[in-house]
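Colleague: Mind having a look at this structure? Questions to follow.
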Amino acid sequence: MPINIADGLPAKQILHEEHIFAIEEDVASHQEIRPLRVAILNLMPTKIETETQILRLISKSPIQVSCDFMRVSSHESKNTSQDHLVKFYDVFDTYREKNYDGLIVTGAPVEHLPFEEVDYWDEFCEILDWADKHVFSTMYLCWGAMAGLYYHHGIEKKLLPSKLFGVFPQRLCDEYSFITNGFDEVHNMPHSRHAIVDAAAVAACPDLQTLSEGFQTGPAIIATRHFHELYVTGHFEYGRDTLAEEYWRDFHKGMPIRLPENYFPEDNPERQPIFTWRSHANLLYRNWLNWVYQMTPYDVAEIPSAIERLAEGTWDLAEKFE
5 MPINIADGLP AKQILHEEHI FAIEEDVASH QEIRPLRVAI LNLMPTKIET
55 ETQILRLISK SPIQVSCDFM RVSSHESKNT SQDHLVKFYD VFDTYREKNY
105 DGLIVTGAPV EHLPFEEVDY WDEFCEILDW ADKHVFSTMY LCWGAMAGLY
155 YHHGIEKKLL PSKLFGVFPQ RLCDEYSFIT NGFDEVHNMP HSRHAIVDAA
205 AVAACPDLQT LSEGFQTGPA IIATRHFHEL YVTGHFEYGR DTLAEEYWRD
255 FHKGMPIRLP ENYFPEDNPE RQPIFTWRSH ANLLYRNWLN WVYQMTPYDV
305 AEIPSAIERL AEGTWDLAEK FE
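The sequence shown begins at 5 in our numbering and counts up one residue at a time.
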């Protein structure tokens, strides 16, 4: 949330240079407030677990958020009951004429496939095109991040010789970014994937900025310049035991699986993992929701025009906080 300061306070300029929302009393008195509207495109097979993880992080923000769940119609979910999907999810067609402040696109266990071979790829691309015009800011997670970077910016993923699996340190690249404001210089993030983003291609793209990265993981948090798109290549939403459950699931199936790195104390899978990424996960979602809350128009019907002006650099609030 922003801090309310006296009109003309000298600290205002310094706070704005540090990308801290500080509004003067006159502006605050005219500020219009409403709940944020956030859609969640849940592509994970474990839909109920993923719902809970993401909603847990959203709930830590003091901002009121209304959440709607979206699913693709071109893929049949085999791990979630149809009753649950019918009751709580809507297919993309019902969203086409709607506007949202935020969209969260989850990962999916399909990174071993070329993007175009994913059975719902065409519908996925339609959703991204819709979001580009109807959603003020979209957060892409894991496979969703790799797919979004590929579709929007032509950045290829690179398959890894073995699964990137564990909790890895990430180095903060911009301490004054709205999105990573308050992050420690090094933070942990869980990763569980078979592919990696091409770091050189990200660095060469003028529309993108890397906010945190790791030696083993590559770019961890990437954003467009005005945060219309936010890419998180790991799994900040994971709970304490999620990697352990993945490990034991594959272990009991007899699949080749190694211990997740930097996760179990003394690499003993019988011991409870240490939850070393929780505070930064909460902070990322708070920062993102706060940025959206401050920048999105009060009238949701104005979101498409605000997106256009954001890209042009003529959106009033964007100029105000630059």
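All residues carry an ideal CB built from backbone N, CA and C; glycine is no exception.
Pair every Cβ in the stretch 111-125 with every Cβ in the stretch 47-60, then say whether three or more of these pairs are closer than 8 angstroms.
Modeller: yes
Colleague: Where does the unbroken beta strand (DSSP E) through Pro308 begin, and where does it stop?
Modeller: Residue 308 sits at position 304 when you count from the first residue of the sequence shown. No beta strand (DSSP E) contains Pro308, which is instead part of the alpha helix (DSSP H) from Ile307 to Glu316.
Colleague: When DSSP builds the beta bridges, which residues end up paired with Pro39?
Modeller: Stepping through the sequence shown from its first residue, residue 39 is reached at position 35. Partner(s): none; Pro39 has no beta bridge.
Colleague: Under the assumption that Leu293 contacts Leu40 (Cβ atoms under 8 angstroms), give the Cβ distance between them as a whole number of angstroms.
Modeller: The count along the sequence shown starts at 1 and reaches residue 293 at position 289. The count along the sequence shown starts at 1 and reaches residue 40 at position 36. Rounded, the Cβ-Cβ distance is 7 angstroms, consistent with contact.
Colleague: Measure the alpha-carbon distance for Tyr93 versus Thr84 and round it to whole angstroms.
Modeller: The residue you call residue 93 lines up with position 89 of the sequence shown. The residue you call residue 84 lines up with position 80 of the sequence shown. If you take the alpha carbons of Tyr93 and Thr84, they lie about 11 angstroms apart.
Colleague: The beta strand (DSSP E) spanning Ala151 covers which residue range?
Modeller: By 1-based counting over the sequence shown, the position of residue 151 is 147. No beta strand (DSSP E) holds Ala151; the alpha helix (DSSP H) holding it covers Trp147 to His157.
Colleague: Give the range of the beta strand (DSSP E) segment to which Val296 is assigned.
Modeller: As a working note, residue 296 is residue 292 in the sequence shown. Taken as a continuous stretch (DSSP letters only), Val296 belongs to no beta strand (DSSP E), being part of the alpha helix (DSSP H) at Arg282 to Met299.
Colleague: Find the nearest neighbour of Gln213 within the set Glu233, Arg197 and His198, judged by alpha-carbon distance.
Modeller: Sequence index remark: in the sequence shown, residue 213 carries index 209 (1-based). Taking only the C-alpha atoms, the option nearest Gln213 is Glu233.
Colleague: Between Leu287 and the rest of its own chain, which residues show a CB-CB distance below 6 angstroms, the 5 nearest in sequence each way excluded?
Modeller: Reading the sequence shown from its first residue, position 283 is the one you call residue 287. Excluding positions up to five away in sequence, the list reads Gly186.
Colleague: Here's the rule I'm using: 16 or more other beta-carbon atoms within 10 Å means buried, otherwise exposed. How should Trp252 be labelled?
Modeller: On the sequence shown, position 248 is the one that residue 252 refers to. Trp252 comes out exposed.
Colleague: Going by C-alpha to C-alpha distance, which of Tyr302, Tyr297 and Arg229 sits closest to Pro66?
Modeller: What you label residue 66 is simply residue 62 of the sequence shown in a count that begins at 1. The option with the nearest alpha carbon to Pro66 is Tyr297.
Colleague: Okay, do the stretch 188-208 and the stretch 220-228 touch, 3+ Cβ pairs below 8 angstroms being the bar?
Modeller: yes
Colleague: Give a yes or no on whether the minimum CB-CB distance between Trp319 and chain C is below 8 angstroms.
Modeller: As a matter of chain content, chain C is missing from the structure shown, which is built from one protein chain.
Colleague: Just curious, the beta strand (DSSP E) that Cys71 is in, first and last residue?
Modeller: What you label residue 71 is simply residue 67 of the sequence shown in a count that begins at 1. First-last of the beta strand (DSSP E) with Cys71: Val69 to Arg75.
Colleague: At 4 residues or longer, what runs of the alpha helix (DSSP H) sit wholly inside the stretch 90-147?
Modeller: 125-138
Colleague: On the three-state DSSP scale, how would you describe Lys167?
Modeller: For this step, residue 167 is matched to residue 163 along the sequence shown. Three-state DSSP puts Lys167 in a strand.
Colleague: In whole angstroms, what is the alpha-carbon distance linking Leu59 and Ala227?
Modeller: By one-based count along the sequence shown, residue 59 stands at place 55. By one-based count along the sequence shown, residue 227 stands at place 223. So the two alpha carbons sit approximately 22 angstroms from each other.
Colleague: If you measure between the beta carbons of Leu61 and Glu249, is that distance less than 8 angstroms?
Modeller: Reading the sequence shown from its first residue, position 57 is the one you call residue 61. Reading the sequence shown from its first residue, position 245 is the one you call residue 249. Going by C-beta atoms, Leu61 is not nearer than 8 angstroms to Glu249.
Colleague: For Glu306 and Thr318, what's the separation of their Cα atoms in angstroms?
Modeller: Residue 306 sits at position 302 when you count from the first residue of the sequence shown. Residue 318 sits at position 314 when you count from the first residue of the sequence shown. So the alpha carbons of these two residues sit roughly 14 angstroms apart.
Colleague: Report buried or exposed for Ala135, applying the criterion of at least 16 other Cβ atoms within 10 angstroms of its Cβ.
Modeller: Counting from 1 along the sequence shown, the entry for residue 135 is found at position 131. Ala135 is buried by the Cβ-count criterion.
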